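**Q**
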Amino acid sequence: MFDSKTNGITTSVKRKKNKLANQLLFTLLLTVQSYAHADNTDSPYLKGGKIDAFYNRNDNGDFQVNSMIWTPVFKGGHGVQISENGGQDLNYFGGFARPLLTRPELGDLIVGAQEVLQGDSKQTEVQGEYRLPFGLGFGGGFVDRNLSNQDIKFAKISYRNEWQDIKYIVSTQWQTFQGQDYPGGYVALYNKQLMATWGNDGEQWRSTFGYVAPDQGADKIRPALEVFYVDNTIGKVNGSKDLMVTGSLGFRKGFLGHEARLGRAMGPTGVEFSNPLGYLTPNFNRRLTAWEVGEFVNFRYIHSALPNAKRTETLETAIYPGQILGTDSFINGLFVGAGFNNPQPGQSGITGSVGYHKRINNLESSLRVQHDFGIDDTALFFDVIHWL
Numbered sequence: 011m012f013d014s015k016t017n018g019i020t021t022s023v024k025r026k027k028n029k030l031a032n033q034l035l036f037t038l039l040l041t042v043q044s045y046a047h048a049d050n051t052d053s054p055y056l057k058g059g060k061i062d063a064f065y066n067r068n069d070n071g072d073f074q075v076n077s078m079i080w081t082p083v084f085k086g087g088h089g090v091q092i093s094e095n096g097g098q099d100l101n102y103f104g105g106f107a108r109p110l111l112t113r114p115e116l117g118d119l120i121v122g123a124q125e126v127l128q129g130d131s132k133q134t135e136v137q138g139e140y141r142l143p144f145g146l147g148f149g150g151g152f153v154d155r156n157l158s159n160q161d162i163k164f165a166k167i168s169y170r171n172e173w174q175d176i177k178y179i180v181s182t183q184w185q186t187f188q189g190q191d192y193p194g195g196y197v198a199l200y201n202k203q204l205m206a207t208w209g210n211d212g213e214q215w216r217s218t219f220g221y222v223a224p225d226q227g228a229d230k231i232r233p234a235l236e237v238f239y240v241d242n243t244i245g246k247v248n249g250s251k252d253l254m255v256t257g258s259l260g261f262r263k264g265f266l267g268h269e270a271r272l273g274r275a276m277g278p279t280g281v282e283f284s285n286p287l288g289y290l291t292p293n294f295n296r297r298l299t300a301w302e303v304g305e306f307v308n309f310r311y312i313h314s315a316l317p318n319a320k321r322t323e324t325l326e327t328a329i330y331p332g333q334i335l336g337t338d339s340f341i342n343g344l345f346v347g348a349g350f351n352n353p354q355p356g357q358s359g360i361t362g363s364v365g366y367h368k369r370i371n372n373l374e375s376s377l378r379v380q381h382d383f384g385i386d387d388t389a390l391f392f393d394v395i396h397w398l
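In this note's numbering, the protein residues as written are 11 to 398.
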């Protein structure tokens, strides 16, 4: 018997797959084209930037494509999560600009906007901050959710400077959420090796400790560690308490660096261009997985305590055997990983992964296959980056 409803859903899923495949192909072609026509540009607007695209799919019926451009003056992108089992698609896009980069005598300006669309739901976020040349800054922003009363407005005053080799940031702010006003503020202290931050925005406490060992040169062991804690139980909406510990024996740059850490350390009201963080999820800017944060050996531990007395613990590790053995060949990009997930209540699960991560000149790519033995689910991740 012909089932028109089932056939319609199948046809829709095929169209979504084709659309996403074309989007990924288009992004990869742009990346390859950039690679063919640019070689470590000296432009202050592009130098050190990247074009990044990834594809991630789980056997349970969800897949995601995310593309972004990351330059000294603009960071933004677009992504979509597709459900193959009849759920609603989710689209997200946004960007942050820093137009005064080459005019430091005028100060610094950061402006950003993001949006998340799913069915009839639309969430919009706008934020910005202007900083005078001597470090005093004024900022603010808002979040508008058309099908929810969880709108947000905030305003802030900040000051950042340096004393000897110690940089510091102090901010005070006001935030309104569900009709209630909250005072708050953050402080950050850091030098080349250590960083500590602490503060709250009225709805959450947020604290971070970071360490980065001195650079001994390429291909040398360089440990880095971050302890990140967020307590969402202090405000009107009772949320979770989350602890995330991430470490690597081969830090090079990126996620565990102080500049990248500032975004999550100072929260959505921080308005940090180095690692822009907003209230909306998902967004184009993602948290790196354990195998991406460094070389040699990486790990991550996450503990989440929910308001209903439930909790989850997750441990992930990734090892690059060829790098540990000191090989200088194709195999030093191979990695193997394992993970352990312990929900309470619930049944614990174990994951295993294998993949390849390598950078050649300006082109970097990653491929990972991960299997969850508890729920018999396999995930495929593919990523390509062109460094400008």
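For each residue, glycine too, the CB sits at the ideal point set by N, CA and C. Quick caveat: nothing in here was measured; it's all calculated off a predicted structure.
Rounded to a whole number of angstroms, what is the C-alpha to C-alpha distance between K166 and G122?
**A** If you take the alpha carbons of K166 and G122, they lie about 15 Å apart.
**Q** Quick check on this structure: which residue in E305, S314, F152 has the alpha carbon closest to the alpha carbon of T327?
**A** Taking only the C-alpha atoms, the option nearest T327 is E305.
**Q** With burial defined as no fewer than 16 other Cβ atoms inside 10 Å of the residue's Cβ, what is the status of W215: buried or exposed?
**A** W215 should be labelled buried.
**Q** Does the segment 53-64 come into contact with the segment 77-93, if we say contact requires no fewer than three beta-carbon pairs (one atom in each stretch) closer than 8 Å?
**A** Flag = yes, the segment 53-64 and the segment 77-93 touch.
**Q** State yes or no: is the C-beta of G89 within less than 9 Å of the C-beta of F294?
**A** Yes.
**Q** Note down, one range per segment and in chain order, each beta strand (DSSP E) of at least 3 residues found wholly within the segment 273-338.
**A** Counting only runs of 3 or more, we get 305-315, 321-329.
**Q** Contact between the segment 382-396 and the segment 64-73: three or more CB pairs below 8 Å?
**A** These segments touch.
**Q** Are the Cβ atoms of N308 and G260 separated by less than 9 Å?
**A** Cβ atoms of N308 and G260: closer than 9 Å.
**Q** With Y192 and S217 assumed to form a contact (beta carbons below 8 Å), what rounded beta-carbon distance in angstroms separates them?
**A** Contact flag wrong, Cβ pair sits at about 18 Å.
**Q** DSSP puts P111 in a beta bridge; with which residues?
**A** In the sequence under discussion, the amino acid at residue 111 is Leu, which differs from the Pro named in the question. In DSSP, L111 forms no bridge with anything.
**Q** Report the residue from Q160, V126, S168, T243 whose alpha carbon sits nearest the alpha carbon of Y4.
**A** Residue 4 falls outside the range modelled here, since the chain spans only 11 to 398, and no answer is possible.
**Q** Rounded to a whole number of angstroms, what is the C-alpha to C-alpha distance between F73 and T279?
**A** Taking the straight line joining both Cα atoms gives about 30 Å.
**Q** Short of 7 Å in beta carbon distance, which residues of its chain neighbour R378, apart from the five on each side in sequence? Order them along the chain.
**A** W301, S363, G365, F391, listed in sequence order.
**Q** From the DSSP secondary-structure annotation, give me the bridge partner or partners of R141.
**A** Paired residue(s): D118, G147.
**Q** Between N76, N95, P54, which lies nearest to N70 when the distance is taken from Cα to Cα?
**A** Checked all of N76, N95, P54; the closest Cα to N70 is N95.
**Q** Would Y200 pass as an interface residue toward chain C - the criterion being a Cβ-Cβ separation below 9 Å?
**A** Judged by its chain identifiers, the structure shown contains no chain C, having just a single protein chain.
**Q** Return the CA-CA distance between L298 and F265, expressed in angstroms with no decimal places.
**A** Each residue's Cα considered, the two are about 7 Å apart.
**Q** Can you tell me which of E269, Q98, E125, S376 puts its alpha carbon nearest to the alpha carbon of G288?
**A** Comparing Cα positions, the closest option is E125.
**Q** Report the rounded CA-to-CA distance for S284 versus K320, giving the unit in angstroms.
**A** Cα-Cα distance, rounded: 34 Å.
**Q** Checking 9 Å against the spacing of the C-beta atoms, do G257 and E282 come in under that value?
**A** Not a contact, by the Cβ cut-off of 9 Å.
**Q** Since E172 sits in a beta bridge, which residues does DSSP pair it with?
**A** K177, per the DSSP bridge assignment.
**Q** May I ask you to list the residues that DSSP assigns as paired with F106?
**A** Beta-bridge pairing links F106 to K85, G122.
**Q** Which of the three DSSP states, helix, strand or coil, is assigned to A270?
**A** Helix, per DSSP.
**Q** P286 to G273, Cα distance in whole Å?
**A** Approximately 6 Å, taken between the alpha carbons.
**Q** Would you call N201 buried or exposed, if buried means 16 or more other Cβ atoms sit within 10 Å of its Cβ?
**A** It counts as exposed.
**Q** Note down the Cα distance separating Q354 from S181, rounded to an integer number of angstroms.
**A** Those two C-alpha atoms are separated by around 38 Å.
**Q** Quick one: give me the first and last residue of the beta strand (DSSP E) that D225 is part of.
**A** Taken as a continuous stretch (DSSP letters only), D225 belongs to no beta strand (DSSP E), as it is neither H nor E.
**Q** Please report how far the alpha carbon of E115 lies from the alpha carbon of P109, in whole angstroms.
**A** C-alpha separation (whole angstroms): 13 Å.
**Q** Please state whether the Cβ-Cβ distance between D130 and L100 is less than 9 Å.
**A** No, these two residues do not count as a Cβ contact at 9 Å.
**Q** Would L375 pass as a contact of H367 if the rule is Cβ separation under 9 Å?
**A** Here the sequence assigns Ser to residue 375, which means Leu is not the residue at that position. Yes; because the gap between Cβ atoms is below 9 Å, this pair is in contact.
**Q** Per DSSP, what kind of secondary structure is G209 in: helix, strand or coil?
**A** If DSSP states are grouped into helix, strand and coil, G209 belongs with the strands.
**Q** With respect to the beta strand (DSSP E) encompassing I61, which residues constitute its N-terminal and C-terminal limits?
**A** That run of the beta strand (DSSP E) goes 60-68.
**Q** Check the C-beta distance from D211 over to Q188 and give it rounded, since I have them as a contact under 8 Å.
**A** Between Q188 and D211 the Cβ distance is about 14 Å, and since that is not below 8 Å, they are no contact.
**Q** Buried or exposed for G97, please, with buried defined as at least 16 other CB atoms from any protein chain shown within 10 angstroms of its CB.
**A** Classification for G97: exposed.
**Q** Residues in its own chain within less than 6 Å of L325 by CB, not counting five upstream and five downstream?
**A** Within the same chain, L325 has close Cβ partners Y311, F350.
**Q** Look up L34 in the DSSP assignment and say whether it is helix, strand or coil.
**A** Low per-residue confidence applies at L34: pLDDT is 48, beneath 50, and the placement is therefore not dependable enough to give any value.
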